[in-house]
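Worksheet: one structure, shown below.
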Amino acid sequence: MRTFLLGFLLFLSSSSIAQEARPISAKEAQQVVAAIDAFLYGASINDVQAHDKFWAPELTYTSSRGTRYGKAELMQGLTEAQRLEEGEVTAWYTAEDVELKSFGEAIIVNFTLVSTQLADQTRETFLNTGVLVNRRDGWQAVNWNATRAAPAAE
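Count the sequence shown with mature numbering (1 follows the signal peptide of the UniProt record, and there is no 0) and you get residues -18 to -1, 1 to 136, in order.
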C-alpha cells in the first residue's frame, strides 16, 4: 500500500509540472519560419555558415538513415562542400505544412522537407521534426529528426 501511495504521489507531482503548449506569437512564428527558410536556402547552395548558424552546439541529429550524431560530426561532413551560385543549384530544399508548438522556451517544429530536383522537377519528401531555442543569434535547433516520407498512394 505504501508503494502504491508513493507511486501515486509521484504521478501527481510529475503531471502537475508537465507543460502544455503555449500560444505562439505572430512575431515568434515569423522568426522561426524565417530561420528555417534561411537554413534551407543555405543548405540548397551548400552554405556551411547557414548550417553553423542553424545547428546549436549541443545538437542531437537523427538522420533519415537511422544514424544519430551531433553538430561536430554533421559539420565535418560539410568541410568539402563548395558553395554554389543559384544557377549551379541542382535541387532546392523547401518547407511545406509547417506546424509550430511552443513549450516554455522551446518551439517544436514539424514540417515536410521537400527536395525538388531542377532537372526533372521530381520531389523527394521527408518528415522533419525539430526542437528550436532562441539564442543571441536567432533560433537554433538543439534536436532534429528526419524521416523519409512514405511514397504517396496512387
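C-beta atoms are modelled at their ideal positions from N, C-alpha and C, and glycine is treated no differently.
(Q) With the cut-off set at 9 angstroms, would you say Trp126 and Thr42 are in Cβ contact? (A) Taking the first residue of the sequence shown as 1, we reach residue 126 at position 144. Taking the first residue of the sequence shown as 1, we reach residue 42 at position 60. Between Trp126 and Thr42, the C-beta gap is smaller than 9 angstroms, which places the two residues in contact.
- prompt: Which residue from Thr104, Val80, Phe85, Leu109 puts its Cα closest to that of Ile18?
  reply: Along the sequence shown, read from residue 1 onward, the residue named residue 18 stands at position 36. Minimum Cα-Cα distance from Ile18 among the listed residues Thr104, Val80, Phe85, Leu109 corresponds to Val80.
Q.
Rounded to the nearest angstrom, what separates Val124 and Asn92 at their Cα positions?
A. In the sequence shown, counting from the first residue as 1, residue 124 sits at position 142. In the sequence shown, counting from the first residue as 1, residue 92 sits at position 110. Spanning the two alpha carbons is a distance of roughly 14 angstroms.
- Query: By DSSP, does Asp29 sit in helix, in strand, or in coil?
  - Reply: As a first step, residue 29 is located in the sequence shown; it is residue number 47 there, counting from the start. Under the three-state reduction of DSSP output, Asp29 falls in the coil class, being neither helix nor strand.
For the pair the segment 22 to 32 and the segment 108 to 121, tell me if three or more CB-CB distances fall below 8 angstroms. They do not touch, by the three-pair rule.
(request) Under the assumption that Ala131 contacts Leu109 (Cβ atoms under 8 angstroms), give the Cβ distance between them as a whole number of angstroms. (result) The count along the sequence shown starts at 1 and reaches residue 131 at position 149. The count along the sequence shown starts at 1 and reaches residue 109 at position 127. Approximately 5 angstroms separates the beta-carbon atoms of Ala131 and Leu109; this is inside 8 angstroms, confirming the contact.
Minimum C-alpha distance to Gln58 - residue among Thr98, Asp34, Gln13, Ser97: Within the sequence shown, residue 58 is the residue found at index 76, counting from 1. When only C-alpha atoms are compared, the closest one is Asp34.
message: Can you tell me whether Gly59 is helix, strand or coil according to DSSP?
response: The residue you call residue 59 lines up with position 77 of the sequence shown. Residue state, collapsed to three classes: coil.
query: Does the Cβ-Cβ distance between Thr98 and Ala128 come in under 9 angstroms?
result: In the sequence shown, residue 98 corresponds to position 116, counting from 1. In the sequence shown, residue 128 corresponds to position 146, counting from 1. Ala128 is positioned such that its CB atom lies no closer than 9 angstroms to that of Thr98.
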